Amino acid sequence: MPELPDVVVYLESLERFVGGRVLERARVVSISLLRTFDPPLSEVEGRRVVGFRRMGKRLVLELEDDLFMVFHLMVAGRFRWRKRGQAVPKKVGHAAFDFPNGTLVLTEQGSRKRASLHVHRGADALAEHERGGLEPLEATPEAFAEALRRQNRTLKRALTDPRILSGIGNAYSDEILHRAGLSPVTLTSRLDDPAVQRLHEATVSTLTEWADRMRDEVGDGFPERVTAFRPEMAVHGKYRQPCPVCGSPVRRIVYASNETNYCAGCQTGGRILADRALSRLLKDQWPSAIPD
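Just so we're aligned, residue 63 is where the sequence shown starts under the numbering used here, counting upward by one.
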């Protein structure tokens with residue numbers, strides 16, 4: 063799922079490509095995408111794009127006449143910039159938005175179509191998309207600590223809860239926790255002040271570094287490689303590969319359709335965390351620590 067760095071770079075690119083331009087035509091072909099009916103989608107046609115904002119993992123385009131288009135790409139939704147009038151791709155295509163200089167195409171891979179578009183009139187209507195989490199790159203260390211300790215959660219769940227912090231998901235939470243040297247299952251109530259400070263610094267540096275990496279990669283073009291799995295990442299998506307810091311194999315905890323990747327050597331003092339599926343299967347054979 064595109065997270066804060068991905069969404070920021072998407073919005074910066076959209077500002078370059080469509081900022082100040084008229085949205086000539088909105089072609090939505092997927093019945094699952096559009097989640098609102100008033101105002102109708104046709105209202106955005108002929109309106110100039112005048113602003114951009116991020117709400118968590120959502121991208122918001124502001125148009126003339128106080129209209130707003132709110133996109134949530136979910137896991138597999140992606141924007142593509144194509145020649146003007148490009149057809150909406152079959153099977154994976156949701157919509158195409160035609161501008162004088164090109165067409166913005168929205169696609170989504172896979173059989174589960176979860177991406178969404180809401181059209182609203184008036185900024186007040188955006189409140190339904192606001193989850194209340196702090197902006198991690200703007201929060202003071204004190205505000206960050208207060209939000210983190212408001213509920214007793216595991217660090218992984220706290221970092222990815224949009225009511226606590228805005229825009230962080232599965233991928234960057236893994237990277238943040240590895241950089242901070244903290245276990246994903248540590249409870250927020252058990253963190254001392256130095257650990258919270260370390261986590262705040264790791265959050266800011268990780269998100270900033272990855273946004274800068276993507277800006278460098280995109281340059282003056284449009285993002286074409288938005289993915290949660292990048293070879294430069296330390297632990298996310300690196301199960302069984304060596305940790306770049308200590309060389310221990312990256313471990314994982316699998317739950318539902320998600321997984322947490324971590325390094326036992328760097329984050330848990332060598333302790334291997336129980337995996338809900340495998341530890342039940344292996345029972346006594348499940349290792350509890352990194353072999354000497």
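For glycine and all other residues, C-beta sits at the position ideal for the given N, C-alpha and C. The structure displayed is predicted, hence computed values, not measured ones.
- N163 carries a coil assignment under DSSP once its states are collapsed to helix, strand and coil.
- V150 is a Cβ neighbour of V91, given a cutoff of 8 Å.
- Bounds of the alpha helix (DSSP H) holding A264 are 255-280.
- The region 68-80 and the region 89-103 do not touch, with fewer than 3 CB-CB distances between them shorter than 8 Å.
- For a cut-off of 8 Å, the C-beta gap from V181 to M131 is around 6 Å, short enough to register as a contact.
- When DSSP states are grouped into helix, strand and coil, N320 belongs to the strand group.
- Assigned with DSSP and collapsed to three states, P311 falls in strand.
- Within the same chain, A207 come within 8 Å of D255 by CB-CB distance, once the 5 residues on both sides are set aside.
- For the pair of segments examined, the region 255-265 was found to touch the region 236-245: the number of CB pairs separated by less than 8 Å reaches three.
- Assignment of H298 by DSSP, reduced to helix, strand and coil, places it in the coil class.
- The beta-bridge partner set that DSSP reports for T216 consists of L249.
- With 16 or more other Cβ atoms inside 10 Å of its own Cβ, T222 counts as buried.
- In the DSSP assignment, V91 falls outside any beta strand (DSSP E) and carries neither an H nor an E.
- Annotated three-state conformation of S235 is helix, per DSSP.
- The beta carbon of L73 is closer than 8 Å to those of F114, R115, R116, L121 in its chain, skipping five residues each way along the sequence.
- Rounded to whole angstroms, the gap between the alpha carbons of T330 and P198 is 24 Å.
- The beta carbon of S319 sits closer than 8 Å to none of the beta carbons in its chain outside the five residues before and after it.
- For E124, the enclosing beta strand (DSSP E) begins and ends at 120-125.
- When Cβ pairs closer than 8 Å are counted between the two stretches, the region 276-292 is seen not to touch the region 212-230, the count staying below three.
- About 22 Å separates the beta carbons of L96 and V112, which is beyond the 8 Å limit, so they are not a contact pair.
- The region 135-193 contains, as complete beta strand (DSSP E) runs of 3+ residues, the segments 139-144, 155-161, 164-170, 178-183 (chain order).
- At the C-beta level, R140 and T169 come within 8 Å of one another.
- Residue pairing by DSSP places L210 in no beta bridge whatsoever.
- In the DSSP assignment, L96 forms a beta bridge with L179.
- Within the same chain, Cβ atoms closer than 8 Å to the Cβ of G147 are found at D160, T165, the five residues on either side in sequence being excluded.
- For V288, there is no enclosing alpha helix (DSSP H), as DSSP marks it with neither H nor E.
- Cβ-Cβ separation between P64 and K153: approximately 21 Å, too far for a contact (criterion under 8 Å).
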